[in-house]
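Visitor: Heads up: the sequence shown runs through residues 7 to 185, numbered per the working numbering.
Don't be surprised by glycine CBs; every beta carbon is placed ideally from N, CA and C.
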Amino acid sequence: MIYELMIDNYPNSYWFQYDSTKVDLYELLQCKEIQSNKPLIFKLEKKVSEKRLLSYDIYFSDGPEFISPRLANLLSNNQDFLHDVQLIEATIIVNGRSYSGYKVLNILRLISCIDMNKSEYEPILDDYPDGPKKFYKIVFKENMNEQFCMARCKESIGRIVISESLRQFFIKNKVKGID
């Protein structure tokens, strides 16, 4: 079975702003390795409780998703995960203070996983019926033979899916921030 990576009880005040001057978001959607010798930067403009914010393991932004040093450390020994995802150094800035050790999830796998016959959608642009789609209901394909940990959906590239084994890993390690 596959699952969509979704946020859980994540306050709006915790959405980071991504500084795309080093790596454009479009590059991170291409499912290709990226060479970056400087950390990617994420800023949080709102004043928040650092203790509460830093207790999360996965973070969302107006750019890519990124993970905490704790989760990066846990995943650094998972070869199946590292086959599917490149971890790129990131620095976050919260209340004017910098924190390092965070990692951007650059997903390298692209799989066809949405059953287009059972899903409900429409083209975002009427002039491009084969272009990007707006989904109202998503049904994932059953009995997929694709072996993966984390991937982007070919039918909706911004959507991230995870395997049952990665889901169980997240549950076992009490990963905070996803549903």
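#1: In this structure, does DSSP put glutamine 23 in helix, strand or coil?
#2: If leucine 60 sits next to tyrosine 20, beta carbons under 8 Å apart, how far is it from one beta carbon to the other, in whole angstroms?
#3: Arginine 115 lies in the beta strand (DSSP E); which residues open and close that run?
#4: Going straight from the alpha carbon of lysine 147 to that of lysine 140, what length do you get?
#5: Excluding sequence positions up to five away, which residues of its chain have a Cβ less than 8 Å from the Cβ of isoleucine 130?
#6: Evaluate lysine 44 with the Cβ neighbour count: other Cβ atoms within 10 Å of its Cβ, from every protein chain shown; 16 or more gives buried, anything less gives exposed.
#7: With distances taken from CA atoms, which of Asn83, Ala96, Leu80, Cys37 is nearest tyrosine 65?
#8: Among Leu172, Ser82, Ile73, which has the Cα closest to the Cα of tyrosine 105?
#9: Can you find the residues in the same chain that come closer than 6 Å, C-beta to C-beta, to aspartate 25, ignoring five residues on each side of it along the sequence?
#10: Would you please state the rounded distance, in angstroms, between the beta carbons of leucine 111 and proline 75? I believe it to be under 8 Å.
#11: I'd like the ranges of any beta strand (DSSP E) spanning at least 3 consecutive residues and lying wholly in the region 58-121.
#12: Among the candidates Met156, Phe175, Met122, whose CA atom is the shortest distance from the CA of tyrosine 142?
#13: Leucine 50 and isoleucine 117 - do their beta-carbons sit closer together than 8 Å?
#14: In chain order, what residues of the same chain lie with their CB nearer than 7 Å to the CB of isoleucine 13, ignoring the 5 residues before and after it?
#15: Taking the alpha helix (DSSP H) that tyrosine 32 falls in, what are its first and last residues?
#16: Tell me where the beta strand (DSSP E) around glutamate 126 begins and ends.
Guide: A quick look at the data gives this:
#1: For the purposes of this step, residue 23 is taken as residue 17 along the sequence shown, with counting starting at 1. Glutamine 23: strand per DSSP, three-state reduction.
#2: As a first step, residue 60 must be located in the sequence shown, where it is residue number 54. As a first step, residue 20 must be located in the sequence shown, where it is residue number 14. 10 Å between Cβ atoms; not a contact.
#3: Mapped onto the sequence shown, residue 115 falls at position 109. Taken as a continuous stretch (DSSP letters only), arginine 115 belongs to no beta strand (DSSP E), as it is neither H nor E.
#4: Along the sequence shown, read from residue 1 onward, the residue named residue 147 stands at position 141. Along the sequence shown, read from residue 1 onward, the residue named residue 140 stands at position 134. Computed Cα separation, rounded: 18 Å.
#5: By 1-based counting over the sequence shown, the position of residue 130 is 124. Only Gly137, Pro138, Lys139, Lys140 meet the Cβ criterion.
#6: To locate residue 44, count along the sequence shown from 1; it is residue 38. Under this definition lysine 44 is an exposed residue.
#7: Here residue 65 refers to the residue found at position 59 of the sequence shown. Cα-wise, what sits closest to tyrosine 65 is Ala96.
#8: Residue 105 sits at position 99 when you count from the first residue of the sequence shown. It is Ile73.
#9: Here residue 25 corresponds to residue number 19 of the sequence shown, with the count starting at 1. Counting only Cβ-Cβ distances below 6 Å, and skipping sequence neighbours, we find Ile47.
#10: On the sequence shown, position 105 is the one that residue 111 refers to. On the sequence shown, position 69 is the one that residue 75 refers to. 14 Å between Cβ atoms; not a contact.
#11: 91-100, 103-113
#12: Here residue 142 corresponds to residue number 136 of the sequence shown, with the count starting at 1. If we check each option's Cα against that of tyrosine 142, Met122 comes out closest.
#13: The residue labelled residue 117 in the question sits at position 111 within the sequence shown. The residue labelled residue 50 in the question sits at position 44 within the sequence shown. For isoleucine 117 and leucine 50, no; Cβs fall outside 8 Å.
#14: Within the sequence shown, residue 13 is the residue found at index 7, counting from 1. Excluding residues within five positions, the ones whose Cβ falls inside 7 Å are Phe66, Gly183, Ile184, Asp185.
#15: By 1-based counting over the sequence shown, the position of residue 32 is 26. Its alpha helix (DSSP H) spans residues 31-34.
#16: By 1-based counting over the sequence shown, the position of residue 126 is 120. Here the beta strand (DSSP E) through glutamate 126 covers 126-129.
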